[in-house]
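K.L.:
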Amino acid sequence: MLKTIPTRDDENLIVGYDSSDDASVYKLSDDIAVIQTIDFFPSMVEDPYLFGQIAATNALSDVYAMGGEVISALNIVTYPSGDDYDLLGEILRGGASKVHEAGASLSGGHSIHDDTIKYGLSVNGRVHPDHIIRNDGARVGDILILTKPIGVGIVTTGYKKGKLSQEAFDEACHWMTTLNKHVADVMKHHPITSATDVTGFGLLGHIKEMLGKRVSAEIKAEQVPYIKEAYSGAEQALTTGGGKRNRAFLAEHLDFQIDDPAMEEVLLDPQTSGGLVISIDEEHSQAFLDELAEKDIFARAIGQVTDRQDKTIIIN
């Protein structure tokens, strides 16, 4: 579809929609490039303030995945005409809390009437043009590191159906409202080769984007962290339509060498405001993990990039 959109040659457009990167990057000077991204969606939680926090955290994440710093954001809202505007105020207040936590300015926004409430942000960030982290630079031998547990799709679905606990839901909400800012700050001190944030395509889908057709990866299933009860939820078939679409789309690219259908579902589960998947060469990976641990930032090594194999991702 994007191929039908007319393009314009611009030597300052460093990253555009011709790639699968997380955000666009435009060079303003030899020292400054602006990162631009937008994301919004309907609520998956009942608490409007919490929804605002989750949506904002999710939207800000693309800037961090690109190695940038968030500088400003605009609200984007769809809201039913004549509905309770106090509820809308709570959504906006929740979003503002996360923009301010990021050290950025919330400078306005736009709203339209719609039958369904949706909220998110248009975000501006900055980065040095020589320090952009793209999502396709993983090299053979690199270690893959994940910075949040997965499973929020299964947990939120199971909680809504009354099948999973409040404790599991609260854990999911904790991670969905945890900014990736602190990980991005540590990334600046290490030779990161690529990074992306884990969202709707699930962990395996986003790793597949990182690898492209150049290389493959082996993922150690037992090393992949997941939210409490996500696995038991998968055993109860509390999966999402997005997870089924991810499985269908990725089927030809995956080699599951584990006999564990529930774990497969967890690995394919769509995430909201997920962590970053980061690749770094093996020699420097432990120092990176050590600094994250020293700063009490969650991170786990989950696999390694390999030479190209018959399948893009081998899960063992």
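Per the UniProt record's numbering, residue 1 is the first one in the sequence shown, and the count goes up by one each step.
In this text, a Cβ means the ideal position worked out from N, Cα and C, and glycines have one as well.
Measure the alpha-carbon distance for residue 13 versus residue 67 and round it to whole angstroms.
P.N.:
The sequence position of residue 13 within the sequence shown is 13, counting from 1. The sequence position of residue 67 within the sequence shown is 67, counting from 1. Cα-Cα distance, rounded: 17 Å.
K.L.:
Since residue 207 contacts residue 217 with CB under 8 Å, what's their CB separation in whole angstroms?
P.N.:
The residue you call residue 207 lines up with position 207 of the sequence shown. The residue you call residue 217 lines up with position 217 of the sequence shown. Right, the Cβ-Cβ distance comes to about 6 Å (below 8 Å), so this counts as a contact.
K.L.:
Starting from residue 304, follow the beta strand (DSSP E) in both directions and report where the run begins and ends.
P.N.:
Working through the sequence shown from its first residue, we reach residue 304 at position 304. Per DSSP, residue 304 belongs to the beta strand (DSSP E) from 300-306.
K.L.:
Excluding the 5 residues preceding and the 5 following residue 163 in the sequence, name in chain order all residues of the same chain whose CB lies nearer than 8 Å to its CB.
P.N.:
In the sequence shown, residue 163 corresponds to position 163, counting from 1. Here the set comprises 233, 236 and 238.
K.L.:
Nearest by alpha-carbon distance to residue 303: which of 15, 220 and 90 is it?
P.N.:
Translated into positions along the sequence shown, residue 303 becomes position 303. Here the closest residue by C-alpha is 220.
K.L.:
Output the boundary residues of the beta strand (DSSP E) element that contains residue 27.
P.N.:
Reading the sequence shown from its first residue, position 27 is the one you call residue 27. Residue 27 -> beta strand (DSSP E) spans 24-27.
K.L.:
Looking at the secondary structure, which residues open and close the alpha helix (DSSP H) in which residue 91 lies?
P.N.:
In the sequence shown, the residue the question calls residue 91 occupies position 91. That run of the alpha helix (DSSP H) goes 85-101.
K.L.:
In terms of residue numbering, what span does the alpha helix (DSSP H) encompassing residue 284 cover?
P.N.:
Along the sequence shown, read from residue 1 onward, the residue named residue 284 stands at position 284. 282-294 is the span of the alpha helix (DSSP H), which, as asked, contains residue 284.
K.L.:
Applying the 10 Å Cβ sphere with the 16-neighbour rule, what's the burial state of residue 24?
P.N.:
In the sequence shown, the residue the question calls residue 24 occupies position 24. Classification of residue 24: buried, given that the 10 Å Cβ count is 16 or more.
K.L.:
In whole angstroms, give me the CA-to-CA distance for residue 84 and residue 312.
P.N.:
By one-based count along the sequence shown, residue 84 stands at place 84. By one-based count along the sequence shown, residue 312 stands at place 312. Roughly 48 Å between the two C-alpha positions.
K.L.:
When DSSP builds the beta bridges, which residues end up paired with residue 36?
P.N.:
Taking the first residue of the sequence shown as 1, we reach residue 36 at position 36. Beta-bridge pairing links residue 36 to 24 and 124.
K.L.:
Once the 5 residues before and after residue 10 are set aside, which same chain residues still bring their CB inside 6 Å of it?
P.N.:
To locate residue 10, count along the sequence shown from 1; it is residue 10. If we look at residue 10 and ignore the five residues flanking it on each side, it has no Cβ neighbours.
K.L.:
Taking C-alpha atoms, which residue in 191, 278, 287 and 138 lies nearest to residue 130?
P.N.:
As a first step, residue 130 must be located in the sequence shown, where it is residue number 130. Checked all of 191, 278, 287 and 138; the closest Cα to residue 130 is 191.
K.L.:
Between residue 95 and residue 74, is the Cβ-Cβ spacing less than 8 Å?
P.N.:
In the sequence shown, residue 95 corresponds to position 95, counting from 1. In the sequence shown, residue 74 corresponds to position 74, counting from 1. Not closer than 8 Å, so no.
K.L.:
Per DSSP, what are the beta-bridge partners of residue 315 in this structure?
P.N.:
Here residue 315 corresponds to residue number 315 of the sequence shown, with the count starting at 1. DSSP lists 219 and 256 as partners of residue 315.
K.L.:
With 16 other CB atoms within 10 Å as the buried threshold, where does residue 135 fall?
P.N.:
On the sequence shown, residue 135 is found 135 positions in, with the first residue counted as 1. Flag for residue 135 reads buried.
K.L.:
With respect to the alpha helix (DSSP H) encompassing residue 152, which residues constitute its N-terminal and C-terminal limits?
P.N.:
Indexing the sequence shown from 1 puts residue 152 at position 152. From DSSP, the alpha helix (DSSP H) with residue 152 extends over 152-160.
K.L.:
Check whether chain C comes within 8 Å of residue 237, counting only Cβ atoms and requiring the distance to be less than that.
P.N.:
No chain C is present in this structure, which holds just one protein chain.
K.L.:
Pull up the distance between the alpha-carbon of residue 195 and that of residue 127, whole angstroms please.
P.N.:
What you label residue 195 is simply residue 195 of the sequence shown in a count that begins at 1. What you label residue 127 is simply residue 127 of the sequence shown in a count that begins at 1. Rounded to the nearest angstrom, the two C-alpha atoms are 15 Å apart.
K.L.:
How do the segment 96-110 and the segment 136-152 stand: do at least 3 beta-carbon pairs fall below 8 Å, yes or no?
P.N.:
Cβ pair count under 8 Å is below three, so no.
K.L.:
Using the beta-carbon count (16 or more within 10 Å), is residue 153 buried or exposed?
P.N.:
Taking the sequence shown and counting its residues from 1, one reaches residue 153 at position 153. Buried, because 16 or more other Cβ atoms sit within 10 Å of the Cβ of residue 153.
K.L.:
Answer yes if the segment 168-180 comes into contact with the segment 270-280, meaning at least three C-beta pairs across the two stretches below 8 Å, and no otherwise.
P.N.:
The segment 270-280 vs the segment 168-180: in contact.
K.L.:
Just the Cα atoms here: how many angstroms apart are residue 298 and residue 147?
P.N.:
Translated into positions along the sequence shown, residue 298 becomes position 298. Translated into positions along the sequence shown, residue 147 becomes position 147. Distance between the alpha carbons of residue 298 and residue 147 is about 6 Å.
K.L.:
Relative to the C-alpha of residue 230, which candidate in 211, 270, 248 and 253 has its C-alpha closest?
P.N.:
Stepping through the sequence shown from its first residue, residue 230 is reached at position 230. That would be 270, whose Cα lies nearest to the Cα of residue 230.
K.L.:
Assign residue 98 to one of two classes, buried (16 or more other C-beta atoms within 10 Å of its C-beta) or exposed (fewer than that).
P.N.:
Residue 98 sits at position 98 when you count from the first residue of the sequence shown. So residue 98 ends up on the buried side.
K.L.:
In chain order, what residues of the same chain have a beta carbon less than 8 Å from the beta carbon of residue 291, not counting five sequence neighbours either side?
P.N.:
Position 291 of the sequence shown, counting from 1, holds the residue named residue 291. Answer for residue 291: 186, 189 and 190, listed in chain order.
K.L.:
Run through DSSP, which three-state label would residue 75 get?
P.N.:
Taking the sequence shown and counting its residues from 1, one reaches residue 75 at position 75. It is a strand residue.
K.L.:
In the DSSP output, what is residue 41 paired with across the bridge?
P.N.:
Walking along the sequence shown from the start, residue 41 turns up at place 41. Residue 41 pairs with 119.
K.L.:
Between which residues of its own chain and residue 257 is the CB-CB distance below 8 Å, once the five residues before and five after are set aside?
P.N.:
Residue 257 sits at position 257 when you count from the first residue of the sequence shown. The answer, listed in chain order, is 314, 315 and 316.
K.L.:
Could you tell me the distance, in whole angstroms, from the CA atom of residue 6 to the CA atom of residue 19?
P.N.:
Stepping through the sequence shown from its first residue, residue 6 is reached at position 6. Stepping through the sequence shown from its first residue, residue 19 is reached at position 19. Those two C-alpha atoms are separated by around 15 Å.
K.L.:
Does the Cβ of residue 56 have 16 or more other Cβ atoms within 10 Å, making it buried, or fewer, making it exposed?
P.N.:
Sequence index remark: in the sequence shown, residue 56 carries index 56 (1-based). The residue in question, residue 56, is buried, as its Cβ has 16 or more Cβ neighbours within 10 Å.
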